[in-house]
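Participant: I'd like to ask you about the structure that follows.
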Amino acid sequence: MPRYLVVLSRGVAAIALFAMMVLTFVDVIGRYAFNAPVFGVAEMIQFLLAISIFAAMSLASANRGHITVDVLEPALDRVARRPRRLFVRALSILTFALIAAQLGELAYEAWRTDRTTIVLDWPLAGILCACALLALVAFVVELSGYREPDAADGPPEDA
Amino acid sequence: MLTATLAIVILLLLCFIGVRIGVATLLVGFFGFALERGLGPAMQMSGQRILEDAMNYNLSVIPLFVLMGVFIYRSNVSDELYQAAHARFRNLRGGLAHSTVVACAGFGAVCGSSLATAATMTKVAMPSMRRFGYRDSLSTGVISAGGTLGIMIPPSVPLVIYGIVAEQDIGRLFLAGMIPGLLLVLLFMGTVAIWTRIDPEAAPSDTADEPGPDRRAGRAVLPIIGLFVLVLGGIYGKIFTPTEAAGIGAVGAAVIAMTRGRLLTPGEWIDSLAEAMSTTAALFLVIFGALIFADYANYIGLPFLILDAIDALDLGPFGLVVAITVIAILMGMVFEAIGILLLLVPVFMPALLDADVDLIWFGIIIVLVIEMGLITPPVGMNVFVVKSILTDADLMEMFRGVLPFVVAMLVALCLILIFPQIVTAIPDLIY
Amino acid sequence: ATRIVANCFFPAQHFNCRDVMAAWGEEVERVTDRRVRVNIPAKSMAPPPEQLASVRGGVFDAAFQFNGFIANEATGGAVSLLPFSGSADARANSFALWRTWEAHLADADPIEGVHMLGLFVAPGADFYSMTDTPITSVDEMTGRKMWALPGVTAEMLKQEGSPVVSGPAVQMTEIVQRGVVDGFVGIPASDAASFNVLPYATSVTRTGRKIFTPSFSFFVGEETWNEISAEDQAAIMSVSGEAFAELAGDVWNREEGAAWAEIEAEMEVVDASDAFEAELDGLARPFVDGWLAEAAAKGIDAEAALETYTGTVAELSAE
Ligand code: NA
Ligand code: NA
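Just so you know, the sequences run in chain order S, L and E. Counting from 7, one number per residue, gives the positions in the first sequence under the working numbering. Counting from 7, one number per residue, gives the positions in the second sequence under the working numbering. Counting from 750, one number per residue, gives the positions in the third sequence under the working numbering.
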């Protein structure tokens, strides 16, 4: 189950980022070559960014790509390996749960008050709902402890 | 004051036992705020903050620059850059190490990430340095340090994040990073020269006798320069927004990769895109957490406490910057780069504004310091990355090898502190 | 002591934080003998559209809120956002809106969950041209590509078939600097100065009443307000309401004056002809009628509110 969720999030994240790249490119070409920029492109990119980030949360989790400090870890592991790991994992799970819950609450609030976006006038609740669901997927993946079998091909994950 | 101290202590403790920095900052910020105002307000505050950042148009530059780096990484241009550099430096003692520095700089000109630069150069440069009997401490040191050029030479993800947090123009910051980036290149090459002079055994073999690299070696150089000029010229010329420049850069990098026989299957595209987003999401978790913590710090008045403390110490603008630099160097030993940036900049911002510090200059200083943190022990991410590829290398020896380069960076830091013109000359000239 | 955490969503160095909110806070502490304290966080704790929601949700106690973001529930206050209702004089506008609020809106259209401390209205927006010809007629304006503030301003131009470029004001700088548009409209001169777009304009056309006057509500959460004694409440209101309108209006007028000094040195300033103003009034009519209907449906005496507002603006601007 978590594997399929990761595959799904992966697809969503990849498509959203691809769309972001193409959209900025087409917008610039349209603006300079045809004097016809895409209307509301900045807002579309904002939504794609949000969607891609929450979709990729579960990837980052499954790739173990999150950034840690790991100083006392080895030393602590000698005395209290299991409790430490459980505690650290519990905090991660709690964080993902909080993010999903917060987004869910904001989505509900946007739906209740019928909010629309500033430029394109799209219903905000739809976008927020998608974000909340993707964050929920990340929470489930984190909870399941699922890790991608091979996440090593490519540069390590940090800036 | 007590609450603030307690919050910071808990944050440090969590980080030390291995909690991800994004998780630790988010939870301390969230529960700290909940103690002040209640659970409901904490939910609302952090939810709004997460959504605001996730939908921040300016931050969309991050996944696009990361994607550009992934494409460049996959296009194998690093090999050719290294060969081209070596064609120039093969007659110098330690020529391979000099070439590594220059190739890192070239790679850094199209990649915004330090770790990716270090990782790719390990695969490219390490085999030949080993073949010619270079000492591991020198070769891993130069790769780890060279990797940091990825974030000083534009484009740079940390500079983008700093620009957004400090409300500074990203094009200006990128321009400002150019001379310090070149300065670091010179200092790193100087370090290699001094090292191999004092200790010729570190780079024993004279590679000048080897057959020269073949003539096609330099064919990556032109596309790389072209992409660099397109992306940065577009930002400086106000032709594109940074986000658009990053989108165009990603497309350009994809073209470079495709002309080199990569990115020709949908699977490889999805892999690259997903990899870029996975990196981005990990960064955003840090951003969410650090900014929620910043909101909490803000609420309990930490920035004003710091402002008062600095007033009482009567540091002056220069003293303030030096003090922050020292704190950042200490944090850089254990904390992750973006985390430092996001923890320090918001809480010190009122004090910096109050002291009228040039925030472009300060941005370059703080990025130089977090670069240093990437290679200082005990937690030097660049060194770890090199080690993860080079599993047989000795970590202690690697950290010893990095130290001369840390000294070089300290020299750069002092020069920039004393002569701010190093940073401001180009932006002042062009803007 | 009661602590009011007041959030300012403008950048920390903005005059609305330093000279308006912080100055008000000092006044409150003075008149209550520091029984009520006002704290302003160093950086905004919520995005601009979420100020009201954050006060209601208890994230902080008091805040400014751009009325355009809450127009669906604070219909009355939106009178000040109507095209050609306000003038270039922020003090007159702000005073008029407070008077309108007290006379027609406080009972008929209160904002749930909060106590209104004050209202303020920015100076209005003018028409900036980036070509050799100033904007002197509706045809002149709709024939070119304009950047317009989202909302009524952009809608007015769009309904005339103009190829409008719109988006959040903070993103207009790049659009203007890159030469994507031939003019811009919708923001006061002080904003144009701080967004760094004035150097790109060649001329500006001034109207008597302005196409758009951004306005803001300033409120405190009801729970926090009710903690304060009646005596201190009265003391606070003595430096809020009307006094606050004057404070904010004066600060904004001061900033606007500085921006206009820059404009007059840099570009041609044209006063709109009566014909152009009449044309613009015609364009605005459907939006004014729309608001009248909407406000009346909520039980507001809309005609009277509009009259009080525009009448007071006229009376005070003339001074
Ligand atoms: Na770079
Ligand atoms: Na370190």
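Here a beta-carbon is modelled for each residue, glycine too, at the ideal position from N, C-alpha and C.
1. When you check each C-beta in the segment 797 to 818 of chain E against every C-beta of chain L, which residues fall closer than 7 Å?
2. According to the Cβ coordinates, are V375/L and L419/L closer than 9 Å?
3. Just checking, does the segment 910 to 923 of chain E make contact with the segment 980 to 991 of chain E on the three C-beta pairs under 8 Å criterion?
4. If we count the other Cβ atoms within 10 Å of its Cβ and call it buried at 16 or more, is F40/S buried or exposed?
5. Under 9 Å between C-beta atoms, does I172/S make it to chain E?
6. According to DSSP, simplified to helix, strand and coil, what is F809/E?
7. Apart from the five residues just before and just after G1048/E, which ones in its own chain have a Cβ nearer than 8 Å to its Cβ?
8. Name, in chain order, the residues that DSSP records as bridge partners for T751/E.
9. Return the residue from the list G46/S, F145/S and G110/S that minimises the CA-CA distance to I166/S.
10. Since C137/S and A56/S should fall inside the 8 Å C-beta cutoff, what is the C-beta to C-beta distance between them, to a whole number of angstroms?
11. Along the alpha helix (DSSP H) that carries M63/S, what are the first and last residues, could you check?
12. Quick one: Cα of M402/L to Cα of N388/L, how far?
13. Where does W896/E fall in DSSP's three states?
14. Mind checking the segment 125 to 142 of chain S against chain E and listing, in chain order, the residues whose C-beta falls within less than 9 Å of any C-beta there?
15. For chain E, is any of its Cβ atoms less than 9 Å away from the one on Q174/L?
16. Determine, using beta carbons only, whether I2/L and G53/L come nearer to each other than 9 Å.
17. Out of D881/E, M865/E, M905/E and R848/E, state which residue places its alpha-carbon closest to the alpha-carbon of E1028/E.
18. Secondary structure at F993/E, three-state DSSP: helix, strand or coil?
19. Ordered along the chain, which non-local residues of its own chain (more than five positions away) have a Cβ less than 6 Å from that of F6/L?
20. Could you check if V1000/E is buried or exposed, using at least 16 other CB atoms within 10 Å of its CB as the buried criterion?
21. Who pairs with P129/S in a beta bridge, going by DSSP?
22. Enumerate in chain order the residues of its own chain whose CB-to-CB distance from L11/S is below 7 Å, with the five nearest sequence positions on each side excluded.
23. When burial is assigned at 16 or more other CB atoms within 10 Å of the CB, is P433/L buried or exposed?
24. Please check if any C-beta of chain B sits within less than 9 Å of the C-beta of A1027/E.
25. Under 9 Å, Cβ to Cβ, is there at least one residue of chain L near Y10/S?
26. Would you identify the three-state DSSP class for N82/L, choosing helix, strand or coil?
27. What's the gap between the Cα of G910/E and the Cα of V930/E?
28. How about V244/L and G177/L: do their beta carbons lie closer than 9 Å?
29. Could you check whether G100/L and L70/L sit closer than 9 Å to each other, using their CB atoms as the reference points?
30. Should M158/L be listed as close to ligand 1, given that the test is whether its C-beta is under 8 Å from any heavy atom?
31. Between A897/E and V934/E, which are expected to be in contact by the criterion C-beta below 8 Å, what is the C-beta distance as a whole number of angstroms?
32. From T954/E to V1019/E, what does the alpha carbon distance come to, in whole angstroms?
33. Taking Cβ-Cβ distances shorter than 8 Å, what residues in chain E pair up with N304/L?
34. Using a Cβ cut-off of 9 Å (strictly closer), state whether G112/L contacts chain S.
35. So, are the CB atoms of M996/E and V769/E less than 9 Å apart?
36. Show which residues of chain S have a CB atom less than 9 Å away from the CB atom of P963/E.
Facilitator: Checking against the coordinates, here is how it stands:
1. So the list reads E799, S803, G806, G807 and V808, given in the order they occur along the chain.
2. yes
3. no
4. Answer is exposed; the Cβ neighbour count stays below 16.
5. Because chain S in this structure spans residues 7 to 165, residue 172/S falls outside the shown range and cannot be described.
6. coil
7. A857 and D858
8. Under DSSP, the beta-bridge partners assigned to T751/E are V785/E.
9. Coverage of chain S is limited to positions 7 through 165, which leaves residue 166/S absent and any answer about it impossible.
10. Yes, C137/S and A56/S are in contact; Cβ-Cβ is about 5 Å, under 8 Å.
11. V47 to A68
12. C-alpha separation (whole angstroms): 14 Å.
13. In the three-state reduction of the DSSP assignment, W896/E falls in the strand class.
14. V125
15. Not a single CB atom of chain E sits nearer than 9 Å to the CB of Q174/L.
16. Not covered by the structure: residue 2/L. The range shown for chain L is 7 to 437.
17. M905/E
18. helix
19. Outside the shown range of chain L, which is 7 to 437, sits residue 6/L, and nothing can be said about it.
20. buried
21. T122/S
22. The answer, listed in chain order, is S64, V143, V146 and V147.
23. That one is buried.
24. No chain B appears in this structure, whose protein chains are S, L and E.
25. no
26. Three-state DSSP puts N82/L in coil, outside helix and strand.
27. Rounded to whole angstroms, G910/E and V930/E show a C-alpha spacing of 15 Å.
28. Inspection of the sequence shows that residue 244/L is occupied by Lys rather than by Val. Yes.
29. For L70/L and G100/L, no; Cβs fall outside 9 Å.
30. Correct: M158/L has its Cβ closer than 8 Å to ligand 1.
31. The Cβ separation is near 5 Å, so the contact holds.
32. 5 Å
33. P790, A791, K792 and M794
34. By this cut-off, G112/L is not an interface position.
35. The sequence shown places Leu at residue 996/E, not Met. Yes, Cβ-Cβ distance for L996/E and V769/E is below 9 Å.
36. Simply none; closest approach about 14 Å.
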